[in-house]
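Reading through the structure tokens given below for one structure.
2 protein chains.
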Amino acid sequence: MAEPTPNPAPPAETPEVAGEEAGPSKKALKKAEAKAKKEAEKAKRAAERAAATAQASAAAAEDHATDNYGQETHEIKLSSDAIDISLKTLNDEHLGKKVKLRAFLQNARMQGAKMAFVELRETGNWAIQGVVAANADGSVSRQMVKFIGSVNPESFVVVEATVEKPLEPVKSCRISNYELHLTKLFVISSAPAMLGMTLSTANKAVTNFSDEEAPAEAAVEGVEKLSIAGEVSGPPAASMLTHLDNIVMHKRSYVQQAIADIRVEVKHLFRSYLRDQGFKEFEPPCLIAAASEGGANVFRLPYFEKEAFLAQSPQFYKQIEVLAGRKRVFCVGPVFRAENSNTPRHMTEFTGLDLEMEVTDYREALHMLEGVLLHIFRTIKKTCADEIALVRSVYPSEEFLLPEEGKEVRLTFAEGQKLLREEGPEEFRNVSDFEDMTTPQEKALGALIKKKYNTDFYVQEVLSGGQRIHDPVELEARLRTKGVDPNSPGIREYVDLFRQVGAPPHAGGGIGLDRVVAWYLNLPSVHLAAYYPRTPKRLLP
Amino acid sequence: MAEPTPNPAPPAETPEVAGEEAGPSKKALKKAEAKAKKEAEKAKRAAERAAATAQASAAAAEDHATDNYGQETHEIKLSSDAIDISLKTLNDEHLGKKVKLRAFLQNARMQGAKMAFVELRETGNWAIQGVVAANADGSVSRQMVKFIGSVNPESFVVVEATVEKPLEPVKSCRISNYELHLTKLFVISSAPAMLGMTLSTANKAVTNFSDEEAPAEAAVEGVEKLSIAGEVSGPPAASMLTHLDNIVMHKRSYVQQAIADIRVEVKHLFRSYLRDQGFKEFEPPCLIAAASEGGANVFRLPYFEKEAFLAQSPQFYKQIEVLAGRKRVFCVGPVFRAENSNTPRHMTEFTGLDLEMEVTDYREALHMLEGVLLHIFRTIKKTCADEIALVRSVYPSEEFLLPEEGKEVRLTFAEGQKLLREEGPEEFRNVSDFEDMTTPQEKALGALIKKKYNTDFYVQEVLSGGQRIHDPVELEARLRTKGVDPNSPGIREYVDLFRQVGAPPHAGGGIGLDRVVAWYLNLPSVHLAAYYPRTPKRLLP
Numbered sequence: 001m002a003e004p005t006p007n008p009a010p011p012a013e014t015p016e017v018a019g020e021e022a023g024p025s026k027k028a029l030k031k032a033e034a035k036a037k038k039e040a041e042k043a044k045r046a047a048e049r050a051a052a053t054a055q056a057s058a059a060a061a062e063d064h065a066t067d068n069y070g071q072e073t074h075e076i077k078l079s080s081d082a083i084d085i086s087l088k089t090l091n092d093e094h095l096g097k098k099v100k101l102r103a104f105l106q107n108a109r110m111q112g113a114k115m116a117f118v119e120l121r122e123t124g125n126w127a128i129q130g131v132v133a134a135n136a137d138g139s140v141s142r143q144m145v146k147f148i149g150s151v152n153p154e155s156f157v158v159v160e161a162t163v164e165k166p167l168e169p170v171k172s173c174r175i176s177n178y179e180l181h182l183t184k185l186f187v188i189s190s191a192p193a194m195l196g197m198t199l200s201t202a203n204k205a206v207t208n209f210s211d212e213e214a215p216a217e218a219a220v221e222g223v224e225k226l227s228i229a230g231e232v233s234g235p236p237a238a239s240m241l242t243h244l245d246n247i248v249m250h251k252r253s254y255v256q257q258a259i260a261d262i263r264v265e266v267k268h269l270f271r272s273y274l275r276d277q278g279f280k281e282f283e284p285p286c287l288i289a290a291a292s293e294g295g296a297n298v299f300r301l302p303y304f305e306k307e308a309f310l311a312q313s314p315q316f317y318k319q320i321e322v323l324a325g326r327k328r329v330f331c332v333g334p335v336f337r338a339e340n341s342n343t344p345r346h347m348t349e350f351t352g353l354d355l356e357m358e359v360t361d362y363r364e365a366l367h368m369l370e371g372v373l374l375h376i377f378r379t380i381k382k383t384c385a386d387e388i389a390l391v392r393s394v395y396p397s398e399e400f401l402l403p404e405e406g407k408e409v410r411l412t413f414a415e416g417q418k419l420l421r422e423e424g425p426e427e428f429r430n431v432s433d434f435e436d437m438t439t440p441q442e443k444a445l446g447a448l449i450k451k452k453y454n455t456d457f458y459v460q461e462v463l464s465g466g467q468r469i470h471d472p473v474e475l476e477a478r479l480r481t482k483g484v485d486p487n488s489p490g491i492r493e494y495v496d497l498f499r500q501v502g503a504p505p506h507a508g509g510g511i512g513l514d515r516v517v518a519w520y521l522n523l524p525s526v527h528l529a530a531y532y533p534r535t536p537k538r539l540l541p
Numbered sequence: 001m002a003e004p005t006p007n008p009a010p011p012a013e014t015p016e017v018a019g020e021e022a023g024p025s026k027k028a029l030k031k032a033e034a035k036a037k038k039e040a041e042k043a044k045r046a047a048e049r050a051a052a053t054a055q056a057s058a059a060a061a062e063d064h065a066t067d068n069y070g071q072e073t074h075e076i077k078l079s080s081d082a083i084d085i086s087l088k089t090l091n092d093e094h095l096g097k098k099v100k101l102r103a104f105l106q107n108a109r110m111q112g113a114k115m116a117f118v119e120l121r122e123t124g125n126w127a128i129q130g131v132v133a134a135n136a137d138g139s140v141s142r143q144m145v146k147f148i149g150s151v152n153p154e155s156f157v158v159v160e161a162t163v164e165k166p167l168e169p170v171k172s173c174r175i176s177n178y179e180l181h182l183t184k185l186f187v188i189s190s191a192p193a194m195l196g197m198t199l200s201t202a203n204k205a206v207t208n209f210s211d212e213e214a215p216a217e218a219a220v221e222g223v224e225k226l227s228i229a230g231e232v233s234g235p236p237a238a239s240m241l242t243h244l245d246n247i248v249m250h251k252r253s254y255v256q257q258a259i260a261d262i263r264v265e266v267k268h269l270f271r272s273y274l275r276d277q278g279f280k281e282f283e284p285p286c287l288i289a290a291a292s293e294g295g296a297n298v299f300r301l302p303y304f305e306k307e308a309f310l311a312q313s314p315q316f317y318k319q320i321e322v323l324a325g326r327k328r329v330f331c332v333g334p335v336f337r338a339e340n341s342n343t344p345r346h347m348t349e350f351t352g353l354d355l356e357m358e359v360t361d362y363r364e365a366l367h368m369l370e371g372v373l374l375h376i377f378r379t380i381k382k383t384c385a386d387e388i389a390l391v392r393s394v395y396p397s398e399e400f401l402l403p404e405e406g407k408e409v410r411l412t413f414a415e416g417q418k419l420l421r422e423e424g425p426e427e428f429r430n431v432s433d434f435e436d437m438t439t440p441q442e443k444a445l446g447a448l449i450k451k452k453y454n455t456d457f458y459v460q461e462v463l464s465g466g467q468r469i470h471d472p473v474e475l476e477a478r479l480r481t482k483g484v485d486p487n488s489p490g491i492r493e494y495v496d497l498f499r500q501v502g503a504p505p506h507a508g509g510g511i512g513l514d515r516v517v518a519w520y521l522n523l524p525s526v527h528l529a530a531y532y533p534r535t536p537k538r539l540l541p
């Protein structure tokens, strides 16, 4: 039932008051009347007291349900024949059965004095309605209903219940075609009476991504701050800082659960696709002896009697693996950038998805990256359809358009520049083939390609780069033309590699996991796709 | 053919010398003779010169194979109809076909002037014998044979060949039932004439794992040093430091390739098993704001205007995930320990395999860990049988014994102590249930269990610990009894988590990937199981 008709209310228990009668003389009457009034009032108060006491003790005696509910200190007694259920797999075979479920109670409300509704969430947005109504045999008492109706939202509870069909589909929960008729509920761990951020607020789009530290009192007055930031109707939305200060509620939100589930799949598909293509996973170190990209934007730390750096890229190690005859390798792991960029696009630590392979032409690596990304996007479109729709309901975006199989869009850099010049906006009429593209140029090219080929995804072949130089003599010469000393620390070790052995020609590339997720979902910040975003101003939680 | 019979040698090209004849007078004769001799010698020398020139130019003209071989600068001309092969999938259908292969040439030797043998390794220990013989039509010339016979070992080459059956199985290569009759060979990247460590040496067991920096000249004189450390017969073995100084050759060795392949599978199986059990992967941060285990043995670094630490454990973040309703999570990533321990068992950075889950009893997590490890060990025994055998041929060890399905050995701590007291060595007759086990006690217990239950793998249930305290009041009290201030940095954030929301009871655990691999293979050092071991004395490569 969606909203069951409450049982007819019992007659109100109003204590009867002693009545009044006419007497002989006026004075006597008045006196008697006054006395009687006093007595009556006295009696009334006594009766009221007695009635109240009787009611209280009757009620206490009446609660035959004390074994069926309680706070975390209460001993939990569950029936041994109750079936453990998971909401994702709930089905008609469970109808009428006695089941048990451990879940977050995300909402509770009384319906009169004898009935309460709750929403029980297991994980993600997998929630089901629970109903509890005081019954005649006393196994569900009014006290129990009142207890359940006043559990603090986001407490963790265990319930025992029978699975029933609701009269009408339940609109407020993802599970709309079943509900739980509660027979027991125990609070295993109670949430505070006032949450730092409610689930409703956590479920809304983040209002701003400013990375500035909030003033010290903001964390304490989080709730007040929320109402100020709130919209005219509905629950208020909150800033990213408030979300991060309330990390568990941030993560409990439906939208963050959906993003996390998509991220899990992206990572899994990256690996499974490459594994099928003969790639072997390996783990590059984070602690390295020399700054991998010349020392700029690198974290350095004391390391016993020396100094260490945090790797900005796994490139050096990917190359060692290919030189060592591993043929095709990939790695998925943390990458560090000590860049003081405080934007929604930057993080100081992120998860890199990287591959490297023996090639005869560097475009083989480019097309492998294209292949794995297309595989990821084509697969999640189907397997994560619910999650993607949920994210879009909070962060609206259009469908991410992909080229048809066999109709991948690949442009050389020169072809891209030509397209910009010929069909792009006025200001790009004279873009040169010999200069790097600017961000506005990239955006304009993306728009042109989308219009022309109906895809958000294309690959641009850059004529130089991509393929590594594996000849030490050529490598040294190239380094010198770039003004880099081949014998400087970090560089020498790199060049030496190619002097040790004969090296297969190889190429590779990589992309940030956070960026892939944020790109596909068109999220307003990469921080929403990260589990624990790290920025120059923030290391917590 | 294993060793093909060389073609019959062509007749030696000896130039004919002008002859001598008898003349009239003695004097005249003598004079004539002397003159004739001079002339003859002159003619002979001229003839010899002419012959040499003719021979040289004939030979040069004869080399019709110049398009079929060459150094890296040579233009590579391969037949468009040659099939790309991979040694792992080579089969009878390839017999007699023209194929091409890119590989490391690991060995080359001349057999007379007109034939050479090479070993071509694609990856791991997947090598095949190549044969090249000068032929009548000149498409394989003597010069080409000589060139191939003198390629530096560990150069990277591309060959074109026909696949043939050898007369006898080839003993020196993993591919014993096919060989390649080379028709072309180009060196794509040449190894140096003298390797820092040869493949034969790299294939041998590491002689010692001392972590002391070798003196500066040792790296330069690597080869000399090796011969000193060498055995009486066979190629010399080398120390771990020499191996790490020659990282590419270290990794090209068969044994390291096999260990790496096993490691890849262990990691893959950890994830696939847990994924099947409903676990979701996530990435904890490495950079954190407070030392996670009280500040001892933690790396710290300047972080913009603050200080950051490198995570010693993902525990805090695993717990956040479960509190956030993810139910079951795992992570695979780097963990850092700034411990100045220079032993073959320690590393400052390693790959942690960690899980955390909602539980009703902490043993659920313990049994999940048991389950995943048994799954890993049972699976690799089958899928990595070749690799395991190869590792054991270099680092001998007995089979890792596992309990039969359903007969897992689980002991409580008290049961373990009892076993030690009753059946263990003399010195453990009085071990107490109230003290932690020492390493010798653990070893003795392991030996007892192996003897009693025929397994190297068992689980010991520790009565306290394992399950996390999710009640903030209890957590604070427990911290105080341990002498920890619940309001100290790092600790306060942890306790605060449990104040934010109601928390499901949860438990978890973890183990190092490197240790799992080293344990199963009984390797003499965990450094052999790591890709790039990090120790207090070593950050390179």
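Listed in order, the protein sequences are those of chains A and B.
Take 1 as the starting number for the first sequence in our numbering and just add one per residue.
Take 1 as the starting number for the second sequence in our numbering and just add one per residue.
Cβ coordinates follow ideal geometry from the N, Cα and C atoms, glycine included.
Here the structure is a predicted model, which means the values were calculated and not measured.
Chain-ordered chain B contacts of residue i [CB-CB under 8 Å]
i                     : result
residue 190 (chain A) : 502
residue 198 (chain A) : Those do not exist, as residue 198 (chain A) stays about 11 Å from chain B at its closest Cβ, beyond 8 Å.
residue 366 (chain A) : Those within 8 Å of residue 366 (chain A) in chain B number zero; the least Cβ separation is about 19 Å.
Residue closest to residue i, alpha-carbon to alpha-carbon, out of the options
i                     : options                    : result
residue 328 (chain B) : B:359, B:161, B:340, B:312 : B:359
residue 531 (chain B) : B:418, B:351, B:403        : B:351
residue 548 (chain A) : B:357, B:309, B:282        : Because chain A is modelled from 1 through 541, residue 548 (chain A) falls outside the range shown and cannot be assessed.
residue 277 (chain B) : B:347, B:355, B:122, B:311 : B:355
residue 334 (chain B) : B:167, B:320, B:162, B:310 : B:310
CB contact flag (residue i, residue j, <7 Å)
i                     : j                     : result
residue 299 (chain B) : residue 336 (chain B) : yes
residue 472 (chain B) : residue 499 (chain B) : yes
residue 279 (chain B) : residue 330 (chain B) : yes
residue 72 (chain A)  : residue 189 (chain A) : yes
residue 539 (chain A) : residue 308 (chain B) : yes
residue 250 (chain A) : residue 256 (chain A) : yes
Interface partners of residue i on chain B, CB under 7 Å
i                     : result
residue 440 (chain A) : By Cβ distance, chain B contributes nothing, its closest Cβ being about 29 Å from residue 440 (chain A), past 7 Å.
residue 155 (chain A) : 502
residue 395 (chain A) : By Cβ distance, chain B contributes nothing, its closest Cβ being about 19 Å from residue 395 (chain A), past 7 Å.
residue 308 (chain A) : 539
First and last residue of the uninterrupted alpha helix (DSSP H) at residue i
i                     : result
residue 519 (chain B) : 513–521
residue 250 (chain B) : 247–252
residue 290 (chain B) : Element bounds for residue 290 (chain B): n/a, residue is neither H nor E.
Endpoints, beta strand (DSSP E) assigned at residue i
i                     : result
residue 343 (chain B) : Taken as a continuous stretch (DSSP letters only), residue 343 (chain B) belongs to no beta strand (DSSP E), as it is neither H nor E.
residue 472 (chain B) : First-last for residue 472 (chain B): 472–481, but that is the alpha helix (DSSP H), not the beta strand (DSSP E).
residue 386 (chain A) : Counting along the chain, residue 386 (chain A) falls outside any beta strand (DSSP E), though it belongs to the alpha helix (DSSP H) covering 385–394.
residue 77 (chain B)  : Premise fails: residue 77 (chain B) is in no beta strand (DSSP E) and is neither H nor E.
Per-residue contacts from residue i into chain A (C-beta, under 7 Å)
i                     : result
residue 542 (chain B) : Residue 542 (chain B) falls outside the range modelled here, since chain B spans only 1 to 541, and no answer is possible.
Amino acids of chain B, ordered along the chain, whose beta-carbon sits closer than 9 Å to that of residue i
i                     : result
residue 252 (chain A) : 323, 324, 325, 501
TODO: Quick one: which residues of the region 312–330 of chain B get their C-beta closer than 7 Å to a C-beta of chain A? List them in chain order.
DONE: 317, 320, 323, 324, 325, 326, 327
Task: Interfacial residues, the region 274–295 of chain B to chain A, with Cβ spacing under 9 Å - done: 275, 278, 280, 281, 282, 283, 284, 285, 286, 287, 288, 289, 290
Task: Within 8 Å of chain B by C-beta, residues of the region 449–475 of chain A in sequence order - done: 470, 471
Task: Where the region 123–135 of chain A meets chain B: residues whose CB sits under 7 Å from a CB there - done: 123
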